[in-house]
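Novice: Sharing a structure below in structure tokens format, with a few things to ask.
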Amino acid sequence: MFNRPYLYLAVITVMAIFSCGKSDNPQPQTPPVDSLNAKFLLPVSHGFYSSTGPVMFSPGGSTMMGLSYLNGRPNVRTGGLLAIATSGGFSYIFSTLVYDTAVYNGNNVTLTTHYHGTNVIMDPNQRNLLLENGRLKRIVKAPDTTYFYYNAKNQPIKTETFSRSVHITRSFVFDNSGNLQSVKSSSTSRYDEQVISQEEETFTGYDNKPNPLKGLWLWDDLYYRTVSANNFSGYTYTQSILQNGQVVGNSHQQSTIPLFYTATGQLDCTR
């Protein structure tokens, strides 16, 4: 199971869409994004924990992430989230001192998150990703393993995460325009098969502009933004905690992220 602070320090998961030839070694599409405003991040993980807590920014600090590429594939991202424990859970602070490196070896990607600040002690956080037919098939961050499943339209329809104590199933629903509408999750104890939590995330306010972030699904905190044809501005997260089949706690978050556009009418990723 992931330690949650390290999970989000990792700002886990670089995720980039790859085009695929006849072999399993994917040839990627090069996304046209080298600078990205951190407002597009969602503190979401494919591992044991999902999203909770707001993202905060240091007054006067940079809100920009940088992306570098090697042979058309993202290999460095600067900027990520630091997890801060609070009485109600976790909050997240964006920091340009967090950076990710991606190393490719055939269908395997090693993604490592680093922090080069002095106020937090953090060992490099490594995840191993497996690609198949140009798609993400598996993420391993011991002891968690997440598997991805797709429909005929190449859309993710389900993920399953197995940790020592919990089995998590996430189901994805898309509309006819190819935009993600909701993700529903159920976490079940592997000790007694009791459901311990249920979550629902919804995505609204889509524009009609092409999605320029489709090539960046190595990162968990960008993943939901990469799977749709267009760009959403509304996000809600609801969680129910269960004991013996009864709901004993709830939490709810809602956010609206204004979208801006360039002079040519495309999404402006820097604002």
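Residue numbers for the sequence shown follow this note's numbering, so the first one is 417 and each next one is one higher. C-beta atoms are modelled at their ideal positions from N, C-alpha and C, and glycine is treated no differently.
1) Would you decide whether A499 is buried or exposed? Buried here means 16 or more other CB atoms lie within 10 Å of its CB.
2) In whole angstroms, what is the alpha-carbon distance linking S593 and S656?
3) Determine the contact status of R493 and W635, defining contact as a CB-CB distance below 8 Å.
4) Using the Cα positions of L552 and A454, report the straight-line distance between them to the nearest angstrom.
5) Hey, quick one: how far does the beta strand (DSSP E) through D560 stretch, first residue to last?
6) Which stretch, first to last residue, makes up the beta strand (DSSP E) that contains R543?
7) In whole angstroms, what separates the C-alpha of R554 from that of S478?
8) May I ask which residues mark the beginning and end of the beta strand (DSSP E) holding T604?
9) Give me whichever residues DSSP pairs with H759 in a beta bridge.
10) Using DSSP's beta-bridge definition, name the partner residues of K574.
11) In terms of residue numbering, what span does the beta strand (DSSP E) encompassing R554 cover?
12) Less than 6 Å between C-beta atoms, sequence neighbours within five positions excluded: which residues of the same chain meet that for Y515?
13) Let me know if S511 comes out buried or exposed under the rule of 16 or more other beta-carbons within 10 Å of its beta-carbon.
14) Can you tell which of Y508, L527, I509, N523 has its C-alpha closest to the C-alpha of T517?
15) As a quick exercise: from D623, N487, F619, Q662, pick the residue whose alpha carbon is nearest that of Y639.
16) Select from D623, N624, E617, R641 the residue whose C-alpha is nearest the C-alpha of Q670.
Specialist: The structure says:
1) For the purposes of this step, residue 499 is identified with residue 83 of the sequence shown, where counting begins at 1. Buried, since its Cβ has 16 or more Cβ neighbours within 10 Å.
2) In the sequence shown, the residue the question calls residue 593 occupies position 177. In the sequence shown, the residue the question calls residue 656 occupies position 240. Cα-Cα distance, rounded: 30 Å.
3) Reading the sequence shown from its first residue, position 77 is the one you call residue 493. Reading the sequence shown from its first residue, position 219 is the one you call residue 635. Yes; because the gap between Cβ atoms is below 8 Å, this pair is in contact.
4) As a working mapping, residue 552 is identified with position 136 in the sequence shown. As a working mapping, residue 454 is identified with position 38 in the sequence shown. Approximately 23 Å, taken between the alpha carbons.
5) As a first step, residue 560 must be located in the sequence shown, where it is residue number 144. Taken as a continuous stretch (DSSP letters only), the beta strand (DSSP E) holding D560 covers 560-566.
6) The residue given as residue 543 occupies position 127 in the sequence shown. Per DSSP, R543 belongs to the beta strand (DSSP E) from 541-548.
7) Indexing the sequence shown from 1 puts residue 554 at position 138. Indexing the sequence shown from 1 puts residue 478 at position 62. C-alpha separation (whole angstroms): 33 Å.
8) Position 188 of the sequence shown, counting from 1, holds the residue named residue 604. Counting along the chain, the beta strand (DSSP E) containing T604 begins and ends at 596-605.
9) Here the chain covers residues 417 to 687 and nothing more, so residue 759 does not appear.
10) Here residue 574 refers to the residue found at position 158 of the sequence shown. Its beta-bridge partners are Y565, S587.
11) On the sequence shown, position 138 is the one that residue 554 refers to. Here the beta strand (DSSP E) through R554 covers 551-557.
12) Here the question's residue 515 lines up with position 99 in the sequence shown. These residues qualify, in order along the chain: T494, H530.
13) Counted from its first residue, the sequence shown places residue 511 at position 95. Buried is the call here.
14) Reading the sequence shown from its first residue, position 101 is the one you call residue 517. The shortest Cα separation from T517 among Y508, L527, I509, N523 belongs to L527.
15) Taking the sequence shown and counting its residues from 1, the one referred to as residue 639 is at position 223. Of D623, N487, F619, Q662, the residue nearest in Cα terms is F619.
16) In the sequence shown, residue 670 corresponds to position 254, counting from 1. Checked all of D623, N624, E617, R641; the closest Cα to Q670 is E617.
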